[in-house]
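Heads up: the protein sequence lines correspond to chains G and H, in order. Residue numbers for the first sequence follow the working numbering, beginning at 1 and rising by one. Residue numbers for the second sequence follow the working numbering, beginning at 298 and rising by one. Here a beta-carbon is modelled for each residue, glycine too, at the ideal position from N, C-alpha and C. Note that the structure is a prediction, hence the values are computed from the model and not measured. Notes for the one structure printed next.
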Amino acid sequence: MATFDELQILLLKRTLQAFGVPDTAGKTFQPATVPDSDQTLWGLFNIIPADGPVFVQSGSQFFPAYSAVIGSLVAGHSPFNPITVAKRKLADWGTKPSAWSIDEATMLQMLALAPSARFPFSSSGAPETPFWGLWAASPPVDGVAGVLAAAKLDMTLSFDHLLNFATTPSDWYLSSALANAYSNKHGAPWDPTSPITWTTTFGPGGTLVRMPASLIIADTLSITYTSETAFGPGGQAEILANAAAGVWPYYLSSGNATTHISFDSHGRLTASITTPAGQPVILAASVLSASAYLGLG
Amino acid sequence: MTSPVTFDQLQDGFYNALAAGLGYDTTTPFQVVQPSPPLVGGLGADGRLWNYLDIIPPATLNMNTSLGAGGNKFSVDYQGVLSALQPASEQFLNTVKQPCYDNWASARAKGAVGPTGQNFQLWAYGCAPCQTVARQGAIALNRDNLDPVFVAQNNAMAYQPTGTDPITFSIDYDTMLRLLMSAPTRSFTVGKSDWNTDVSRTWANGKSGGFFGLWGGSSSTSITTQKFGGSGVSVTASFANVLPFAASPGNWFSSAAMGLAYHNPNAAPWDPTSTINWENSFGKNGNMQRFTTTLLLVNQMDIQVTSTAVYTEAEQTEIRRNSSSGLWPFYSSGGSGGTSSSASFTNTGNMHISITSNAGVPIIIGAIVEPVKTYLGGEAEAAKFLTETFYDTTAKKRVLEPS
């Protein structure tokens with residue numbers, strides 16, 4: 001008998017394979033996010049995600065953490081010195097919000113040309129945490145979600161367009177400066193008087209341990225699943241009452257998706273979730289360790 | 298030549314067949330890119346195309362989902378290396394003095410003055426600290442421009458990230474599209490027992506980045522996939538146009554200076570006090586271990602795969618149900634401008650896979666990613682000559698200070 005956590009892990013693995021992301025690097029969005037501007041799109045690349053299978057923010061953000069590192073490095077004499085250039089780039093950037101090289105409008109163009117994907121999913125699996133339950137913010141441990149996970153479940157996922165959207169930080173960022181800091185654990189270019197060190201940056205719990213490399217973005221998502229569990233009248237009412245806030249697996253609210261919940265005469269659940277054409281939905285992210293992000297090794 | 302028995306061997310076999318069918322031998326550092334991404338035209342198309350050549354990808358044989366992702370740029374790392382190199386002997390700075398030099402360097406970075414002595418001389422008349430040294434400075438600059446490190450630094454100064462000029466490669470998107478549409482047709486066939494599954498001699502020693510199974514989204518160890526891999530499989534592939542797109546870096550790059558740096562580990566021209574060195578640039582944890590030199594672009598791909606394995610009714614249903622997410626080997630499934638896949642069965646349960654892509658949409662199906670050893674290997678003789686000429690003391694006396 002699978003737990004709801006196990007069900008989620010299994011689905012995550014299957015979807016990441018289909019998205020072309022190694023499952024060691026993939027993190028899922030709960031809830032799936034609908035970007036509506038450059039800032040909301042780029043804001044996701046600015047997140048340094050916490051460890052674990054769900055894309056959630058850790059204590060730090062890319063731009064401020066990067067700025068702090070550059071501020072703690074000593075510039076060299078050559079006009080090409082990466083630290084010198086990085087400091088100048090940051091000063092030129094000033095107080096503008098952080099940006100990435102491809103904007104939302106171009107992303108939408110790419111999404112419209114991206115291939116389609118369709119694949120089934122059936123339940124049974126392996127453990128881990130910390131997902132939400134059947135509806136947004138519901139406790140995952142027991143209740144109706146546990147009931148759902150315990151029985152056979154069949155799902156079909158289809159996407160008219162599925163895009164692995166990769167973009168790189170804009171003019172404020174210099175990969176060679178960060179790589180130089182990474183490859184010199186002690187001494188130069190680190191400023192010995194600064195409290196910001198290799199360990200506080202790249203060590204365990206550091207501010208730049210991993211970075212988002214790409215986002216998996218879908219257009220016209222359609223997910224249908226059927227459970228063999230028989231829900232009683234209480235369970236049915238609970239699910240229906242919470243459906244508008246968004247249901248598993250992507251918890252899309254009624255503003256971003258159409259969700260239909262129905263029960264047959266035996267109380268068996270069928271859920272279908274569809275999103276409108278032309279509306280991007282971010283489902284997952286590919287996250288790399290600092291050294292992989294910097295192309296080292 | 299064998300019949301592939303596992304799915305992994307079949308993948309390796311397809312890899313070898315594709316490389317050979319496109320005219321490469323198995324030692325060519327050739328990567329298949331999957332899912333095969335379309336190249337979108339319009340505003341910013343050049344930058345997106347060139348980004349594939351500027352981003353330094355991970356080392357894998359078969360698949361590369363990270364092409365174009367991450368934060369490691371060739372152009373940026375290159376300028377980092379330049380910062381750690383010293384010209385053999387520089388006279389320009391001593392001739393014009395620091396205030397003039399700083400003004401000149403800042404003007405170079407903004408593209409306000411060209412790299413030559415003549416450019417300097419003209420510009421210097423309008424710059425107070427340089428006015429009095431316009432002619433002497435021009436002579437010194439022309440002399441220093443003969444030094445491979447100095448001239449590389451001088452040329453790079455105008456380009457990002459140090460300067461403001463954008464990083465370019467030699468061929469733009471529109472030209473690429475024109476070249477692709479008139480590029481030759483390529484096709485190849487692999488019979489049931491013609492599979493060469495040996496990838497042990499390939500450049501990454503068979504280290505694959507991981508594969509999906511038979512269709513995008515399946516596990517490569519599922520029973521149906523294993524059956525596909527172990528069956529008698531033949532492939533016919535044709536491409537209306539195949540273009541090995543090899544664009545070279547623009548004026549921002551000097552292969553002579555890079556070659557000199559690569560072939561002189563821990564010696565001049567490296568500045569021993571710099572935190573950037575041979576090891577963290579070209580060594581096994583360095584940021585410049587490989588370069589994307591060629592993109593394999595195709596127009597109208599048509600791949601037909603026939604398997605003589607006997608599939609049960611249930612297996613056939615499973616394969617049909619999954620075919621829309623893209624079938625082996627490219628997984629780039631149907632969409633506007635993308636490719637489409639379909640699977641059909643003959644009465645005996647034999648399987649036929651068809652993968653096609655639309656006309657007029659360039660698709661990247663592969664890339665050649667060269668290790669630094671071969672990328673800069675050709676610079677060995679030049680590096681030796683330059684080292685002897687500029688850094689060997691006796692030779693330097695002979696060349697630069699004739700008696």
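Residues near residue i in its chain [Cβ-Cβ closer than 6 Å; skip 5 each side]
i: residue 226 of chain G; result: 154 and 270
i: residue 45 of chain G; result: 100 and 212
i: residue 372 of chain H; result: 351 and 464
i: residue 98 of chain G; result: 46 and 63
i: residue 314 of chain G; result: Any answer about residue 314 of chain G is impossible in this case: the structure gives chain G only from 1 up to 297.
i: residue 535 of chain H; result: 484 and 599
i: residue 417 of chain H; result: 434, 435 and 438
Three-state class that DSSP yields for residue i in the structure shown
i: residue 129 of chain G; result: Confidence in residue 129 of chain G is poor, its pLDDT being 39 and thus under 50, which makes the residue's placement unreliable; the coordinate value appears in the next sentence. Three-state DSSP puts residue 129 of chain G in coil, outside helix and strand.
i: residue 199 of chain G; result: helix
i: residue 81 of chain G; result: coil
i: residue 70 of chain G; result: helix
i: residue 344 of chain H; result: helix
i: residue 407 of chain H; result: coil
i: residue 392 of chain H; result: helix
i: residue 238 of chain G; result: helix
i: residue 386 of chain H; result: coil
i: residue 9 of chain G; result: helix
i: residue 552 of chain H; result: helix
i: residue 39 of chain G; result: helix
i: residue 655 of chain H; result: coil
i: residue 268 of chain H; result: No answer is possible for residue 268 of chain H: the residues shown for chain H start at 298 and end at 700.
i: residue 64 of chain G; result: helix
i: residue 337 of chain H; result: coil
i: residue 315 of chain H; result: helix
i: residue 567 of chain H; result: strand
Enclosing alpha helix (DSSP H) for residue i [first to last residue]
i: residue 185 of chain G; result: Segment: none, residue 185 of chain G is in no alpha helix (DSSP H) and carries neither H nor E.
i: residue 376 of chain H; result: 371 to 380
i: residue 578 of chain H; result: 575 to 579
i: residue 231 of chain G; result: Residue 231 of chain G -> no alpha helix (DSSP H), and no H or E assigned at all.
i: residue 436 of chain H; result: 431 to 441
i: residue 446 of chain H; result: 445 to 453
i: residue 680 of chain H; result: 677 to 683
i: residue 109 of chain G; result: 104 to 113
i: residue 204 of chain G; result: Careful: residue 204 of chain G lies outside any alpha helix (DSSP H) and carries neither H nor E.
i: residue 426 of chain H; result: 425 to 428
Cβ-based neighbour list, residue i, same chain, cut-off 7 Å, excluding 5 preceding and 5 following
i: residue 194 of chain G; result: 72
i: residue 546 of chain H; result: 466
i: residue 325 of chain H; result: 316 and 665
i: residue 456 of chain H; result: 462, 464 and 549
i: residue 93 of chain G; result: 171 and 172
Beta strand (DSSP E) segment containing residue i, residue limits
i: residue 165 of chain G; result: 153 to 166
i: residue 414 of chain H; result: Not the beta strand (DSSP E): residue 414 of chain H falls in the alpha helix (DSSP H), residues 414 to 421.
i: residue 310 of chain G; result: The structure shown does not extend to residue 310 of chain G, since chain G is modelled only from 1 through 297, so no value can be given for it.
i: residue 273 of chain G; result: 268 to 274
i: residue 57 of chain G; result: 57 to 61
i: residue 487 of chain H; result: 483 to 487
i: residue 258 of chain G; result: 258 to 263
i: residue 32 of chain G; result: 26 to 33
i: residue 49 of chain G; result: 47 to 49
Neighbour-count burial assignment, residue i, 16 or more Cβ in a 10 Å radius
i: residue 432 of chain H; result: exposed
i: residue 176 of chain G; result: buried
i: residue 559 of chain H; result: buried
i: residue 31 of chain G; result: buried
i: residue 161 of chain G; result: buried
i: residue 570 of chain H; result: exposed
One or two residues paired with residue i in a DSSP bridge
i: residue 218 of chain G; result: G:162 and G:281
i: residue 587 of chain H; result: H:668
i: residue 533 of chain H; result: H:486 and H:601
i: residue 211 of chain G; result: G:288
i: residue 224 of chain G; result: G:156 and G:272
i: residue 538 of chain H; result: H:596
i: residue 462 of chain H; result: H:456
i: residue 121 of chain G; result: G:155
i: residue 546 of chain H; result: H:466
i: residue 190 of chain G; result: G:73
Below-8 Å beta-carbon distance, residue i vs any chain C residue
i: residue 79 of chain G; result: In the structure shown, chain C does not exist; the protein chains are G and H.
Sequence-distant residues of its chain with Cβ nearer than 8 Å to residue i (five each side left out)
i: residue 430 of chain H; result: 392, 393, 394, 397 and 421
i: residue 188 of chain G; result: 74
i: residue 424 of chain H; result: 397, 400, 401 and 404
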